[in-house]
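These notes are about the structure you will find just below.
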Amino acid sequence: MLCYVKGHGVVGWGVVEIDTHSTKRHLAWRVSVPTLDKALPAKALKEFSLRHPTRSSQLLPAAADIEGLLSALAAKAA
């Protein structure tokens, strides 16, 4: 999970983990970075037909390759 709080500059990587003793899920924070571009450069998003959001009304393009992006992030994190 990539977390970004607009206006505060709080950005980081996290992994959602399942608690084996219950049905709860927890976010395990991995890395904190100062800006969204440091965590995920715009040129990396372009490869998957994505861009950094600049307005809350922006939607994902129909050609967005979310699965490709998630696979690339998983490979980088491993």
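Position 24, counted from 1, in the sequence shown is what the numbering used here calls 60; the numbers after and before it change by one each time, with no gaps.
From the three backbone atoms N, C-alpha and C, an ideal C-beta is built for every residue, glycine too.
Which of helix, strand or coil DSSP assigns to residue i
i      : result
Glu103 : helix
Residue i: first and last residue of the uninterrupted beta strand (DSSP E) it sits in
i     : result
Ala16 : Absent from the model: residue 16. The displayed extent of the chain is 37 to 114, so no value can be given.
Unbroken alpha helix (DSSP H) run spanning residue i, endpoints
i     : result
Ala80 : 78–82
Cβ shell of residue i (< 6 Å), same chain only, five flanking positions each side left out
i     : result
Glu53 : His62, Ala64
Val67 : Gly48, Trp49
Proximal residues to residue i (C-beta, below 8 Å), its chain only, five neighbours per side dropped
i     : result
Ser85 : Pro97, Ala99, Ala100, Asp101
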